[in-house]
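Visitor: Residue numbers (UniProt numbering): 1 to 906.
Dropping the structure in here first, questions after.
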Amino acid sequence: MADRRSSLVGFVLLLFLLLFQSAFGQLSSAIEQAALLDLRGSLGLRAKDWPRKVDPCSVWFGVQCRQDGRVIGINISGLRRTRVGRLNPQFSVDALANLTLLSSFNASGFSLPGSIPEWFGQLLPGLQVLDLRTCSVSGNIPSSLGNLTNLNSLYLSGNNLTGVIPSTLGQLSRLSVLDLSMNSFTGFIPPSFSSLSNLTLLDLSSNSFSGTIPPSLGTFPNLRILNLSKNSFSSSIPVQLGDLSRLVDLDLGFNSLSGSLPSDLRGLRSLQKMVVGDNALSGSLPDNLFSSLSQLQFVVLRNNSLSGALPDLLWSMPQLLFLDVSYNNFSGVLPNLSSNANASAAIFNLSHNQFYGTLASQFRRFDFIDLSDNYFEGRVSEDTSRNSSLTSNCLQNLSNQRSLEDCTAFYAARGLIFDNFGLPNTTPLPAPSPARKNNRRLKFILVGVFGGLGFVLLVVGLLVLCLCVRNKGITDQRGRGVGPAPVGVGGSPPPAGVSINYSNLGEVFSYEQLLKATGDFGDLNLIKHGHSGDLFRGVLENGTLVVIKRVNLHSTKKDSYMVELELFSRASHTRLVSLLGHCLEHENDKFLVYKYMPNGDLSNSLYRKTSKEDDSLQSLDWITRLKIAIGAAEGLSYLHHECSPPLVHRDIQASSILLDDKFEVRLGSLSEVSTQEGDTHQNMITRLLRLPQTTDQGPSSSPSATCAYDVYCFGKILLELVTGKLGISASNDTTTNEWLEQILPYISIYERELVTKIVDPSLIVDEDLLEEVWAMAIVARSCLNPKPSKRPLMRYILKALENPLKVVREDNNSNSARLITAASSRGSWNAALFGSWRHSSSDIVAIPGQGGNKEGGNSFKHSLAAGSQGSAQYSGYDHSSSNKKLSRDIFPEPVDLPATERSAIN
């Protein structure tokens, strides 16, 4: 009976195996079997992905077969090479020539340095999809690709391809997607492209194409995305583009286009995004241009020479969410925007033009509107100025306005009288009488006297407030009382007469106990030589694993161990490494005993060996990396915001982020902790005035004792977690700057896909996780602003890391489309977090290969977001991710700024 039952089970298993192989197709061709094995070897693919002794059709990642067992698809995107394969990667895929039925080859993100073989277009006639995005491919496009007449998708973006586009690509009549962006192509768009009538996407952006835009591009009836930005196209915009009735996304920015904007573009009835900024367009906007473009959401005309008034239709477009016409010569009076219900939640940038008149409208319906650098006059209400930028105008009740002479001359040139008191007046003013002149002079004298007295009273009041704060203590951001910072923290022992409370510093160990625990401090138990002492691994008599720091008073800074003892006696937080005890009885050596961290520090845990027998490395997954970033931010936020005065770590790097058995963070390397530079009470006036700080170095090039310095170092940690490139947080300034100049241009708040070029290739992330990676990179870049005063507070960095999707997504509870970088209000904590994205003439970064200028020094140049006047940069804006906009909800504006927080950003 048992034999019959076992036979039945075996039969069922055999039947299931046959059905499984039938469903997925078992490889039936010995030639293709050998070809796959050759491809596995030439690319250096890992055995765990393509194991040798199993059926490729059923088990191998990325191999797709027909039911008859013939290979039709190869996808190596996301796979990794072996360690040997990574040493010398090449575009070695000759074995594909034997896969004669192959219809899809996807190597996106897989490094294939070398040129595309000529035989691709000769031996793969059935190929329908060729995806070589960001594969480090170089050389020219072989003309033989024109023989792939079945090809419908060709992705070659993000490589090092050069030369001209072969005209034979015009033979690909079935082609639907052609993406050649972010390469170094030159020459013209081939005339043969007029035959590509099935195109739905044409992306030639970020190359060096020149000449005119061919009118034939207007003959593609199905084209939905046309991106020709960041090239050298000249002449005018062809009116034939107006025939692309299905076009959704048109980007012609950053070229040398001239002439006027043709009114015939009104035929683009499906258009949602129009970018023609950063060209040389001139003239006025046709009144009927926007008459039929009812779907427009994103319009960028910035940095041209356009003039005249904005068409009234532009203000009433039902879907418009973003309008940037800054840096032009537009003029005229604005319509009554408050009556326009369609302006709700929109962001308008009208800065650096010549608009004038009064601002009677209320802008509460806007998320943000930038009217800076114009000639508006009169008074504005508090509601109007709350969500708008109004600097450099002629407004009466605001600061940072134009001079009286400038405003008067502007209005006089238009036959108007500038009314400095905000009253409508278009008639000449009578000459003032001598009596009125004397009265005005007396008024100015009285204003000066009482103003001076008011300033003196303000200073006295601030000093009294400082004394009160010193005596009563300060509360943290949660409203809890916070005691004074450790007396000796800052690199010096406590002053005479101040004793350390040892009652909460753990156990007092004897020297003999520590000798036994560490094997006489033998080399086998040595973890590393730290700058404040040697670290040893030890086991106490009760079996507790510990780390013991031996501080030699002859070789390290004398009494530096007292700084840590003082810190632990007055500060306590779960994110600080646990101090178990100490031994101070030895004359020359002092010992601090810490809890053992099973996973060491971040520098040796980001990549770990999978086993002693296998040399391969396993990297931390993204969830763990984000957890580590949040934990480190919590520790720094405690030091910066919950200690009074604020404490600065001064040694934040991968080796100071310790990890327990669950990868919970404990901050170590605490011997450099110092109070915030300067006396927090005596310098309150300085902080109120927000005097700029331009260096992260203290005296004698020592690390700066400012919270902004910690934020900068933490930004490097975040980039290490994103890129997987360790060591940068501990490197010198020169190495750091060179590395950041390569990395930062690929972090854009408007184009998520750019960050994939710098993400650690060992990370496997889906769409949602990629958004979290993108968000962390954005936060990291904001931390790395070269100006310390523009770096965000650690409490807001923590909030951003705890809610990463809110950094790059629209708030689901609001229908408002939000772009955080458009806010330029001085009190806005959007600006506080994303200060490094602000654009100015001295802060511009050039993306490699974009033709931008690079300048030396410690100042990294940024051009990815809004200017100090609120201009929003749109370069690289991806319509496909247009709903992923930065939410300002997770960075609220505080009612008042405590002195401890002012010190953290100065």
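Note that CB positions come from ideal geometry on N, CA and C, so glycine has one too.
Decide if N588 is buried, meaning its Cβ has at least 16 other Cβ atoms within 10 Å, or exposed.
Guide: exposed
Visitor: Starting from Y712, trace the beta strand (DSSP E) both ways and give me its first and last residue.
Guide: Looking at the DSSP string, Y712 is not in any beta strand (DSSP E); the run it does join, the alpha helix (DSSP H), is C707 to T723.
Visitor: Please classify T736: does DSSP put it in a helix, a strand, or coil?
Guide: helix
Visitor: Spell out a yes or no on whether the segment 168-185 and the segment 201-216 are touching, meaning 3 or more CB-CB pairs, one atom from each, closer than 8 Å.
Guide: yes
Visitor: Please state whether the Cβ-Cβ distance between H586 and F509 is less than 8 Å.
Guide: no
Visitor: According to DSSP, is D287 part of a helix, a strand, or is it coil?
Guide: In the three-state reduction of the DSSP assignment, D287 falls in the coil class, being assigned neither a helical nor a strand state.
Visitor: Quick test of your reading: S572 and S762, contact by CB under 8 Å. State the CB separation rounded to the nearest angstrom.
Guide: Going by Cβ atoms, the distance from S572 to S762 rounds to 37 Å, so no, they are not a contact pair.
Visitor: Considering only the alpha carbon of each residue, which of C135, A346, G146 and S111 lies closest to P125?
Guide: G146
Visitor: Short check: CB of N387 to CB of F418, under 8 Å?
Guide: No, the pair does not count as a contact, with Cβ atoms beyond the cut-off.
Visitor: Taking the continuous alpha helix (DSSP H) assigned at V300, which residues delimit it?
Guide: No alpha helix (DSSP H) holds V300; the beta strand (DSSP E) holding it covers F298 to V300.
Visitor: What do you reckon, are the CB atoms on N227 and N198 nearer than 8 Å?
Guide: no
Visitor: Using the beta-carbon count (16 or more within 10 Å), is I764 buried or exposed?
Guide: exposed
Visitor: Could you round the C-beta distance between I74 and G62 to whole angstroms and report it? I think they count as a contact, below 8 Å.
Guide: Cβ-Cβ separation between I74 and G62: approximately 6 Å, consistent with a contact (criterion under 8 Å).
Visitor: Determine the direct distance from the alpha carbon of V325 to that of P51, and round the result to whole angstroms.
Guide: In this structure, the CA atom of P51 is about 57 Å from the CA atom of V325.
Visitor: Quick check on Q64: does DSSP put it in helix, strand or coil?
Guide: strand
Visitor: Can you pull the DSSP bridge partners for Q354?
Guide: S331
Visitor: Once you ignore the five residues that flank S260 on each side, which residues in its own chain have a CB closer than 7 Å to its CB?
Guide: Result list for S260: L281, S282 and G283, in chain order.
Visitor: Cβ of A107 within 7 Å of any heavy atom in the ligand FAD?
Guide: With respect to the ligand FAD, the structure shown offers nothing to examine, as it has no ligands at all.
Visitor: Between the C-alpha atoms of I630 and R752, what's the straight-line distance to the nearest angstrom?
Guide: 22 Å
Visitor: Would you identify the three-state DSSP class for C394, choosing helix, strand or coil?
Guide: strand
Visitor: State the start and end residues of the unbroken beta strand (DSSP E) segment that holds F410.
Guide: Note, F410: premise wrong, no beta strand (DSSP E); alpha helix (DSSP H) at L404 to A413.
Visitor: Considering only the beta carbon of each residue, do I717 and I652 sit closer than 8 Å?
Guide: Contact: yes.
Visitor: When the Cα of F110 is compared with those of V93, S103 and S167, which residue comes out closest?
Guide: V93
Visitor: Do you know how far the Cα of R575 is from the Cα of L102?
Guide: Take the alpha-carbon of L102 and the one of R575: they are about 54 Å apart.
Visitor: Taking the Cβ atom as the reference point for each residue, do L196 and L172 lie within a distance shorter than 8 Å?
Guide: yes
Visitor: How many whole angstroms separate the CB atoms of V177 and S153, which I take to be in contact at a CB cut-off of 8 Å?
Guide: Confirmed, about 4 Å.
Visitor: Between which two residues does the alpha helix (DSSP H) holding G41 run?
Guide: A30 to L43
Visitor: Grab me the residues of P894's own chain with a C-beta within less than 6 Å of its C-beta, minus the 5 sequence neighbours each way, in chain order.
Guide: Model confidence at P894 stands at a pLDDT of 30, short of 50, so the residue's coordinates are unreliable; what they give is reported in the following sentence. Correct list: empty, nothing qualifies.
Visitor: On a Cα-Cα basis, can you pick out the residue from R650, S644, E664 and Y327 that is closest to E634?
Guide: Measuring from the Cα of E634, the nearest candidate turns out to be E664.
Visitor: Compute the distance between the beta-carbons of G44 and T82, then report whether it is under 8 Å.
Guide: Yes, the Cβ-Cβ distance between G44 and T82 is below 8 Å.
Visitor: Hey, would you say I749 sits closer than 8 Å to L719, going by beta carbons?
Guide: Between I749 and L719, the C-beta spacing is not below 8 Å.
Visitor: Classify N400 as buried or exposed, calling it buried when 16 or more other Cβ atoms lie within 10 Å of its own Cβ.
Guide: exposed
Visitor: Rounded to a whole number of angstroms, what is the C-alpha to C-alpha distance between K790 and S291?
Guide: 42 Å
Visitor: Rounded to a whole number of angstroms, what is the C-alpha to C-alpha distance between T391 and L553?
Guide: C-alpha separation (whole angstroms): 57 Å.
Visitor: Would I778 be called buried (16 or more neighbouring beta carbons within 10 Å of its own) or exposed?
Guide: buried
Visitor: Would you call E32 buried or exposed, if buried means 16 or more other Cβ atoms sit within 10 Å of its Cβ?
Guide: buried
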